[in-house]
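Structure, as structure tokens:
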Amino acid sequence: MHGYALAQRLKNVSEDYLQIEEGSFYPALQRMLKAGWLKTEMGLSDRNRPVRIFKVTAAGRKHLEKELASVEKMFAGFNRVLALAGE
Amino acid sequence: MGWLRQLLSRRRRYDELSKSIREHFEEKIADLMDRGMTREQAQSAARREFGNVTLIEERSREVWQWPTIESIWTDIRFAFRQFGRNRGFAVTVVLTIGLGIGLNTAMFSVVNAVLLKPLGYRSPQRLVVLSSSITPIHFDEMVSSAKSYDALGAYSGREDLALSGDGQPEVLKAVRVSGNVLDILGVQPLLGRSFFPAEDKAGAPAVAMISAELWRRRLGGAPSIIGRSVTMAGVAYTIIGVLPPEFYFPSAGTDVWLTRPSEWSVLKPESRRISPILHVFGRLKSGVSISQADAELALIDQQYEAAHPGMLDTDKTVARLWNRPPLHLVLLKNQLVSGIRSKLWLLFGAVGLVLLIVCANIASLLLARATIRSREFTVRAAIGANRRRLIRQFFIESSLLSMLGGAIGIALGEAGLWFTRSMTALDLPRSGEIRIDGSVLLFAVTLSLFTGILFGLAPSLSASRPNLLGVLQGGGEGVNFAGQKLAFPGLSSRSFLVAGQVAHSTILLIGASLLIQSLAHVYRIDPGFQTSNILTMSLSPSPTRYDTAQKKTAFYSALIEHIERLPGVKSAATATALPLTPYPMAQVRVTGRAADKRPLAMILSVTPRYFEVMNIPLKRGHEFSLHDDSEALPVAIINERMARRFWPQYPGGLDPLGQHILIGSHPKPTEIVGIVADTRDYKLTEEPELGVYLSLDQQPPQSAMLVIRTEGDPLSFVNAVHQQILKLDPNQPVSAVASMNEVVDASEGQLRVMMTLFGIFAAAATILAVIGLYGILAYLVTRRTKEIGIRKALGAERGNILALVVGRGLRLILSGLLLGMCGAIVLTRVLHGLLFQVSPTDLATFVGIAFVFISVALVASYFPAHRVASVDLMQTLRSE
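Those protein sequences? They're chains A and B, same order as listed.
Residue numbering for the first sequence follows our numbering, beginning at 447 and increasing consecutively.
Residue numbering for the second sequence follows our numbering, beginning at 74 and increasing consecutively.
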């Protein structure tokens, strides 16, 4: 996806819960580019304008899976502790 | 290698980034326009929702950089651009810092070489020397009984040996040392070998070690020197070794090292065993402390005194005669520097003060510039620079300036050292080791950095809190950076700086003027003899060719006769020592009186007419005559001080003439035939000693000083006199040629040098302080131009305006003066040892300096005040 589309998507998906300035994730994008988790390509936007698109790389996907796994573990832990609170 | 590829593709990344962001905007604007906004509305909405574009772009770029290093590099480039634009300012600052750091670097190399660096010997912290000299008998007992040392050695006083052979006759400085000297110190000879123990015993063959300098300069500089025979003072010595260059034991400038220190040629053989001629040094055993060794010394001294009562070097005698503490050990290092240590630290402190003043000046300059650049910094803050970045910019600028200044300073320091080396009057120990080496460079670099931080601090702190609104509205220079309305932005810090400068300069000026006054007092002292138009030089007739007393006497008399025949020479004489140089002493008592009243007296041997040459008034009796030679009865001339000492009713009461005195261990009583006036003997600043003059012809010495009274400049007679000497004896070298005035000057050399250096520092400091004062007053006046215009419009007279500005200047000076005076009261105590007839808190000096500063302040404030007071009223009101 290109930059603007990303921003819109984030807003929609989080249902406007994450209120961030649109430009603020550009540095993050660059960091991910530097780490090799993203790569850029030329593509077309919905309006058929030429834009740069960010795509996840194989390494990025692996990293994503690892991160997701650890987040899930964390949440599982939370849930167990919270379940205890209920007792 | 990923990072390398990243580095090379950075341009492309930046490009991509900007394009991405632009595309983002275009998409967003298109979207918003679809929803019904106009282009302009869409644009501003998009911008708002995006955030700070410049900042975000910069942050994104930073991902691809090594942020800190890169931004520091940017700052450095920016700083250089700034310097280029303000060349005058940059050059001034760099040169000023260069001067300050140069002075400090030079001074530190001296302090480093003389005081801080450990001596170049093996484990120098175990090398010790005895606090006073002892007799050979005492030394032998020490060697046999002492257990605290790895080894002990001794050396005796310097001797002058005439070198004969091919080339000009020359006088060499020789010293006799124990054969184990190199072992004790842990030094290897450059060539050849050290002495064998057997060569230290009486009757052994005559061997010598020479200095590298003598070897290269006079003896060929080839390895074949080893084993060669060189004749000195009539004796053929075999050269067995060459010492490394910069070997300065026991003192600098030694050319030749001989063995058997107890065979000191200056004394007659009979007197040597019982005279304290040996200076003892040694290496402590590891694990033995100085106090343990001292305790052992005291024990040995007790046994020595019991076995040899009445010797001149027992603790009791030394305490009685010279008021010195008992024999104890001193680290070799400390003994070398004892006289000079406090003075060097004093000078070091003084240059430190000068550097502080330099920093204050520059900080002041920077503050002024910071005020001018306030606009630049607020704009930078507005586009997102953070405070740390701005402070960093300041520090980078000031560090760059100070590093550049430091580089210049190091070069200046090297030049300054070259100048110091020619200041032999300070007589620095280890002077050959003074150079700019690694530790000095480290010091210079550290000092430059520190200086940069110091004077970067003030402006950076005050300038880094920009008051955005105020500046952008155009009134920015009337408020300080914290947003408070200040009457004069940056002024309070600058005032503080100027007051500080004035304080420091005051301290230096007071110190310098105290020293100058001391020197003036010293020179006003009447030495008791004539100092102008007298030529002096040292003679050492060869002991082999002039072996008997008759031959020596004949030589000296013939010499005097020939010299007196020269046109322009009034009279000539010889003496064993010149006034104000070291001389021997002996105990003296009057025959028939109790043996316990034996004070020490200066003993000087002179030829007839000595007192006439030196213009020392003869009070009673007569000078020596040609009849007073070795055949006749011993005669003496005493000075008035001695006369008063032994005959308290002098000039009344019993006439000392005709009485007899016993000198030292001499059995024969000596008749007093004359009384002369007192002279300053050892130092101009000390009271005359008890003095006994003996007839040189009765005991002609191996070397003597020639004194010649001339008409006109004595130094113009040097060649003529030298010719006469060579005519009499072509192999006779002379040395130490000087006019009596030069000898007198040299005796107070240390005070002179200290005074000169202090004077230079004080002058530099004062000039800087005055410049600082002028600068701040000029600035103040420009800032207040509008206010002054209003005052004038309201009817203020020119006088009131003047009073306003001058008053401000005076207030600054007075606060600085007060601070400086308090500082001086505390600090000038350090000068105590150098001052003469002037108290460290001399009221007249303090008041005088205060007066000088106030007058200078008045003058410095007058000019800007005058300028602003006379300017056209309308102009001042319009200026902003």
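Where is the CB? At the ideal position from N, CA and C, for every residue including glycine.
Against G124(B), the close residues of chain A are E467, E468, G469, S470, in the order they occur along the chain (beta-carbon pairs closer than 8 Å).
Secondary structure note for Y629(B): its alpha helix (DSSP H) is the uninterrupted segment 622 to 637.
Remark: C-beta atoms of L439(B) and S471(B) approach each other more closely than 8 Å.
In this structure L907(B) touches L824(B) by the C-beta definition: roughly 6 Å separates them, less than 8 Å.
The three-state secondary structure of D770(B), taken from DSSP, is coil. For H448(A), the neighbours in chain B by C-beta distance under 8 Å run, in chain order, S93, E96, H97, E100. For S888(B), no chain A residue has a C-beta closer than 8 Å to its own C-beta; the minimum C-beta separation is roughly 52 Å.
Neighbours of S491(A) across chain B, judged by C-beta separation under 7 Å: E100.
The stretch 144 to 151 of chain B and the stretch 454 to 468 of chain B touch, with no fewer than 3 CB-CB distances between them shorter than 8 Å. The alpha carbon of V817(B) has as its nearest neighbour, out of V932(B), Q155(B), T654(B), N873(B), the alpha carbon of T654(B). Against R455(A), chain B offers no close residue; the least beta-carbon distance is about 13 Å (beta-carbon pairs closer than 8 Å). The Cβ neighbour count for W337(B), taken over all protein chains shown within 10 Å, is at least 16; the residue is labelled buried.
For the stretch 480 to 507 of chain A, the beta-carbon criterion of a distance under 9 Å to any beta-carbon of chain B is satisfied by K480, G482, T486, S491, D492, R493, R495, P496, V497, R498, F500. Per DSSP, the continuous beta strand (DSSP E) segment holding V303(B) begins and ends at 302 to 305. Contact of A103(B) with chain A by beta-carbon distance below 7 Å involves R493. By the neighbour-count criterion, in which a residue is buried when 16 or more other Cβ atoms sit within 10 angstroms of its Cβ, W288(B) is buried. Assigned with DSSP and collapsed to three states, Y847(B) falls in helix. The three-state secondary structure of W330(B), taken from DSSP, is strand. Within a 10 Å sphere around the beta-carbon of Y596(B) sit fewer than 16 other beta-carbons, which makes this residue exposed.
According to the DSSP assignment, P496(A) belongs to the beta strand (DSSP E) that extends over 496 to 502. Taken atom to atom, the span from the alpha-carbon of G785(B) to that of A646(B) is near 18 Å. Remark: fewer than three beta-carbon pairs, one from each stretch, lie closer than 8 Å, so the stretch 658 to 668 of chain B and the stretch 679 to 690 of chain B are not flagged as touching.
Rounded to whole angstroms, E487(B) and K190(B) show a C-alpha spacing of 19 Å. Across the structure, I711(B) and P672(B) are spaced so that their CA atoms are roughly 14 Å apart. Measuring C-alpha to C-alpha distances from K485(A) to each of R493(A), R495(A), R507(A), E467(A) identifies R507(A) as the nearest. DSSP, read as helix, strand or coil, puts D233(B) in strand. DSSP places H733(B) in the strand class (E or B) of the three-state scheme. Counting only Cβ-Cβ distances below 7 Å, S533(B) has no contacts in chain A at all, with the closest Cβ about 28 Å away.
G171(B) is the residue among T649(B), G171(B), L385(B) whose C-alpha sits nearest the C-alpha of L428(B). Put simply, of N792(B), L394(B), G845(B) the residue whose alpha carbon is nearest the alpha carbon of M658(B) is L394(B).
Taking a contact to require three or more Cβ pairs closer than 8 Å, the stretch 231 to 248 of chain B and the stretch 795 to 810 of chain B qualify as touching. Scanning the stretch 190 to 271 of chain B for uninterrupted beta strand (DSSP E) segments of 3 residues or longer gives 200 to 203, 222 to 228, 232 to 236, 243 to 249, listed from N- to C-terminal end.
According to the DSSP assignment, Q660(B) belongs to the beta strand (DSSP E) that extends over 658 to 663. For L727(B) and W720(B), the gap between their C-alpha atoms comes out near 7 Å. Taking 8 Å as the upper bound for CB-CB distance, S512(B) and G307(B) are not in contact here, some 47 Å apart. The residues S204, D367, in chain order, have a CB closer than 6 Å to that of H401(B) in the same chain once the five nearest residues on each side in sequence are set aside.
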